[in-house]
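Trainee:
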Amino acid sequence: CQTGEVAADPQLYDQSYLSPVTIGNSELMLDFDTGSADLWCFSTESPAAQSAGHGLYNPSTGTELDGAFWDITYGDQSAASGNVFADKVVVGGVTATKQAVEAATSVSYEFTEDVASDGLLGLAFSSINTILPQPQTTFFDTVRNSLAKAVFTVDLKKGAAGSYTFGYIDSSKYSGAITYVPVNTANGFWQFTADGYSAGGSDSSTGRGGVAIADTGTSLLYLPASVAKAYYSGIQGATFDFRQGGYTIPCSATPPDFNVAIGGKTFTVPGSYINYAPLRAGSSTCFGGIQADTGIGFSIFGDVFLKAVYAVFDDSGSSPRLGFAAQ
Ligand SMILES: O=C(NNC1=NCCC1)c1ccc(Br)cc1
Numbered sequence: 021c022q023t024g025e026v027a028a029d030p031q032l033y034d035q036s037y038l039s040p041v042t043i044g045n046s047e048l049m050l051d052f053d054t055g056s057a058d059l060w061c062f063s064t065e066s067p068a069a070q071s072a073g074h075g076l077y078n079p080s081t082g083t084e085l086d087g088a089f090w091d092i093t094y095g096d097q098s099a100a101s102g103n104v105f106a107d108k109v110v111v112g113g114v115t116a117t118k119q120a121v122e123a124a125t126s127v128s129y130e131f132t133e134d135v136a137s138d139g140l141l142g143l144a145f146s147s148i149n150t151i152l153p154q155p156q157t158t159f160f161d162t163v164r165n166s167l168a169k170a171v172f173t174v175d176l177k178k179g180a181a182g183s184y185t186f187g188y189i190d191s192s193k194y195s196g197a198i199t200y201v202p203v204n205t206a207n208g209f210w211q212f213t214a215d216g217y218s219a220g221g222s223d224s225s226t227g228r229g230g231v232a233i234a235d236t237g238t239s240l241l242y243l244p245a246s247v248a249k250a251y252y253s254g255i256q257g258a259t260f261d262f263r264q265g266g267y268t269i270p271c272s273a274t275p276p277d278f279n280v281a282i283g284g285k286t287f288t289v290p291g292s293y294i295n296y297a298p299l300r301a302g303s304s305t306c307f308g309g310i311q312a313d314t315g316i317g318f319s320i321f322g323d324v325f326l327k328a329v330y331a332v333f334d335d336s337g338s339s340p341r342l343g344f345a346a347q
């Protein structure tokens, strides 16, 4: 019965969180992503112009999956592709002896530029793994039957190291009870329904809830346009800046807290989390941590929300469920 824990180290402005993973005989820093289902890494097969500065997986330790290829495009239009090897993967002591490791032979500039990240470890459902002709299982799916409990937890923090655990829930990491809600796996995501939103201390709801996904791979909190609009209407100097592609606020602003009702419980994102980051270093205009989910199809509860709660991704029962608790 395996259990394990790894640190989740925040990158600049908490844009992403990286965790150490041993693949074959190299340790790489991967971005754990509950919004996708591929485990891929820069490799000795990646073009040097794309992989300079990154840790590389050397597939010599693995066994090539003949004829298997992968090609993924993320919600932010970043992309990567390559071939596949079966190799040993260890995360916080939890071992998958024959995990599908997707070696990159091409990546988009977003990944080349992010030199701290050596790849991604997908934690969505294996139904959206992009390997063809035969999709493979995520790390969690590969090890889930060997875990003490088929769960993983996400404890991200603002500007500080958090953690991911596999196989157990750590009651020292949260306060109060965990509120569980059902998950709809039809789209391959950890998809749930949020009941409603409100800003500040007021109970003036900024709108009905809706369908959402829990996505550690997305930095911000994307909500229905009406909810985002109502939220920023309460902040002096806030504006929708179409050139920046979203809401901006004065960096001097103290945004109101943001409340989300899930499963009959209210979870609060401190207003400071929504004063996300300067548009450019030194700018006095900051990008908002809440943005409109227009055109995406559902809301995305990314890191701005997840770092305010303790989240349990539970596949131990007859159907998957998500648990949230105050941190
Ligand atoms: O791609 C998604 N999440 N992960 C990552 N983003 C950027 C790098 C990794 C994503 C998933 C579902 C929806 Br809906 C929108 C976005």
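First residue of the sequence shown: 21, per our numbering; consecutive thereafter. The beta-carbon is built from N, C-alpha and C at its ideal position, and this holds for glycine as well.
Taking the C-alpha atoms as reference points, what is the distance between LYS177 and ILE198?
Mentor: Taking the sequence shown and counting its residues from 1, the one referred to as residue 177 is at position 157. Taking the sequence shown and counting its residues from 1, the one referred to as residue 198 is at position 178. Answer to the nearest angstrom: the Cα atoms are 18 Å apart.
Trainee: Can you tell me which of the three DSSP states GLN70 falls into?
Mentor: By 1-based counting over the sequence shown, the position of residue 70 is 50. Three-state result, GLN70: helix.
Trainee: My output table needs one value for GLU130: the three-state DSSP class, helix, strand or coil.
Mentor: Against the sequence shown, residue 130 aligns to sequence position 110. GLU130 falls in the helix class under three-state DSSP.
Trainee: Assuming LEU326 is part of the alpha helix (DSSP H), what are its boundary residues?
Mentor: Walking along the sequence shown from the start, residue 326 turns up at place 306. Counting along the chain, the alpha helix (DSSP H) containing LEU326 begins and ends at 323 to 326.
Trainee: Looking at ALA181: is its Cβ nearer than 7 Å to the Cβ of ASP29?
Mentor: Your numbering for residue 181 matches position 161 in the sequence shown. Your numbering for residue 29 matches position 9 in the sequence shown. Yes, the Cβ-Cβ distance between ALA181 and ASP29 is below 7 Å.
Trainee: Can the beta-carbon of ALA219 be found less than 7 Å from the beta-carbon of PRO276?
Mentor: Here residue 219 refers to the residue found at position 199 when the sequence shown is read from its first residue. Here residue 276 refers to the residue found at position 256 when the sequence shown is read from its first residue. Yes, they are a contact pair.
Trainee: Cα separation between SER146 and PHE186?
Mentor: Locating residue 146 in the sequence shown gives position 126, where the first residue counts as 1. Locating residue 186 in the sequence shown gives position 166, where the first residue counts as 1. Whole-angstrom Cα-Cα distance: 17 Å.
Trainee: Can you list the alpha helix (DSSP H) stretches of 4 or more residues lying completely in the region 258 to 283, in chain order?
Mentor: If we require 4 residues or more, the region 258 to 283 turns out to have no alpha helix (DSSP H) run fully inside it.
Trainee: Name the DSSP beta bridge partners of ASN103, please?
Mentor: Numbered from its first residue, the sequence shown carries residue 103 at position 83. Note: ASN103 sits in a beta bridge opposite PHE89 and ALA123.
Trainee: State the beta-bridge partners of TRP60 as determined by DSSP.
Mentor: Within the sequence shown, residue 60 is the residue found at index 40, counting from 1. According to DSSP, TRP60 bridges with GLU122 and LEU140.
Trainee: When the Cα of GLN154 is compared with those of GLY343, THR314 and ASP86, which residue comes out closest?
Mentor: Here residue 154 refers to the residue found at position 134 of the sequence shown. The residue with the shortest Cα to Cα distance from GLN154 is ASP86.
Trainee: Could you check what DSSP says for GLY24 in three-state terms: helix, strand or coil?
Mentor: Within the sequence shown, numbered from 1, the residue matching residue 24 stands at position 4. The answer is strand: DSSP assigns GLY24 an E or B state.
Trainee: Check whether the Cβ of THR238 sits closer than 6 Å to any heavy atom of ligand 1, and report yes or no.
Mentor: Along the sequence shown, one-based indexing puts residue 238 at 218. THR238 Cβ: within cutoff of ligand 1.
Trainee: Look at the alpha carbon of ALA250 and the alpha carbon of PRO244, and state the distance between them as a whole number of angstroms.
Mentor: Here residue 250 refers to the residue found at position 230 when the sequence shown is read from its first residue. Here residue 244 refers to the residue found at position 224 when the sequence shown is read from its first residue. Straight-line Cα distance between these residues: approximately 10 Å.
Trainee: Sort ASP34, ILE282, VAL324 and ALA144 by Cα distance to VAL201 and report the nearest one.
Mentor: For the purposes of this step, residue 201 is taken as residue 181 along the sequence shown, with counting starting at 1. Checked all of ASP34, ILE282, VAL324 and ALA144; the closest Cα to VAL201 is ILE282.
Trainee: Heavy atom of ligand 1 less than 6 Å from the Cβ of ILE316, yes or no?
Mentor: Counted from its first residue, the sequence shown places residue 316 at position 296. Yes, since a heavy atom of ligand 1 falls inside the 6 Å radius drawn around the Cβ of ILE316.
Trainee: Can you look up ASN165 in the DSSP assignment and give me helix, strand or coil?
Mentor: Looking up residue 165 in the sequence shown gives position 145. Residue state, collapsed to three classes: helix.
Trainee: Going along the chain, which residues of its own chain have a beta-carbon closer than 7 Å to the beta-carbon of PHE307, five neighbours each way excluded?
Mentor: Counted from its first residue, the sequence shown places residue 307 at position 287. Answer for PHE307: GLN264, GLY266, THR268, TYR296, ALA297 and LEU299, listed in chain order.
Trainee: Take the Cβ of GLN211 as the centre, count every other Cβ of all protein chains shown within 10 Å, and call the residue buried at 16 or more, exposed below.
Mentor: By one-based count along the sequence shown, residue 211 stands at place 191. Buried, by the Cβ-count rule.
Trainee: Provide the residue span of the beta strand (DSSP E) that contains LYS249, from first to last.
Mentor: The sequence position of residue 249 within the sequence shown is 229, counting from 1. Here LYS249 belongs to no beta strand (DSSP E); instead the alpha helix (DSSP H) covers 245 to 252.
Trainee: Which whole-angstrom value describes the C-beta separation of THR150 and ASP58, a residue pair presumed to lie in contact below a C-beta threshold of 8 Å?
Mentor: By one-based count along the sequence shown, residue 150 stands at place 130. By one-based count along the sequence shown, residue 58 stands at place 38. The Cβ separation is near 6 Å, so the contact holds.
Trainee: Grouping DSSP H, G and I as helix and E and B as strand, with all else coil, what is SER191?
Mentor: Taking the sequence shown and counting its residues from 1, the one referred to as residue 191 is at position 171. SER191 falls in the helix class under three-state DSSP.
Trainee: Give the range of the beta strand (DSSP E) segment to which ASN207 is assigned.
Mentor: Locating residue 207 in the sequence shown gives position 187, counting from the first residue. It is not in any beta strand (DSSP E) - ASN207 carries neither H nor E in the DSSP assignment.
Trainee: On the DSSP letters alone, give me the boundaries of the beta strand (DSSP E) that GLU47 sits inside.
Mentor: Taking the sequence shown and counting its residues from 1, one reaches residue 47 at position 27. Counting along the chain, the beta strand (DSSP E) containing GLU47 begins and ends at 46 to 53.
Trainee: Put THR305 into one of helix, strand or coil per three-state DSSP.
Mentor: As a first step, residue 305 is located in the sequence shown; it is residue number 285 there, counting from the start. Looking at THR305 - three-state DSSP - the assignment turns out to be strand.
Trainee: Judging by CA-CA distance, which residue of SER253, PHE321 and SER195 is the nearest neighbour of THR213?
Mentor: Within the sequence shown, the letter at position 193 stands for residue 213. It is PHE321.
Trainee: Who pairs with LEU152 in a beta bridge, going by DSSP?
Mentor: Your numbering for residue 152 matches position 132 in the sequence shown. Bridge partners of LEU152: PHE89.
Trainee: Do you know offhand how far ALA232's Cα is from SER128's?
Mentor: In the sequence shown, the residue the question calls residue 232 occupies position 212. In the sequence shown, the residue the question calls residue 128 occupies position 108. The alpha-carbon atoms of ALA232 and SER128 are separated by roughly 27 Å.
Trainee: Determine contact between the region 70 to 86 and the region 100 to 107, defined as no fewer than three beta-carbon pairs at a distance below 8 Å.
Mentor: Output reads yes: the region 100 to 107 touches the region 70 to 86.
Trainee: Which residues bound the beta strand (DSSP E) around LYS178?
Mentor: Position 158 of the sequence shown, counted from the first residue, corresponds to residue 178. LYS178 -> no beta strand (DSSP E), and no H or E assigned at all.
Trainee: With a Cβ-Cβ cutoff of 7 Å, do THR117 and GLY142 count as a contact?
Mentor: The residue given as residue 117 occupies position 97 in the sequence shown. The residue given as residue 142 occupies position 122 in the sequence shown. No, the pair does not count as a contact, with Cβ atoms beyond the cut-off.
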